[in-house]
Amino acid sequence: MLRLAAATAYPTPSITPNCLTEEKGKFDELIEDKGVRILIDPKALMHVIGTKMDFVDDKLRSEFIFINPNSKGLCGCGGESFMTTAGTSGGAAK
């Protein structure tokens, strides 16, 4: 399962797809659809409500992408986090 978790190692908090795991944390939220299982850390949950996930597989990339209606802008760290309010980083963009 893919796990979305709050990362605190960055200058601002961010939500990243940080690992593949078989174990559900005590407070993790399990989302399952079309055979895909995702665990969401409770600290990340409020930032990803309403997010749609898709899988892109073309000549240039094969990856999950996240379309988050709460996103107000992307950070400059490679596109793995986004801001949900002015100046607050909050979630995975892809």
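In full-length UniProt numbering, the protein residues as written are 1 to 94.
Cβ coordinates follow ideal geometry from the N, Cα and C atoms, glycine included.
- For K43, the enclosing alpha helix (DSSP H) stretches over residues 42–48.
- Taken through DSSP and simplified to helix, strand or coil, K52 comes out as strand.
- The three-state reading of DSSP puts L4 in strand, counting E and B together.
- Pairing I31 with E23, the inter-Cα distance amounts to about 14 Å.
- Judged by beta-carbon spacing, D41 lies within the 8 Å limit of L4, meaning their Cβ atoms are closer than that value.
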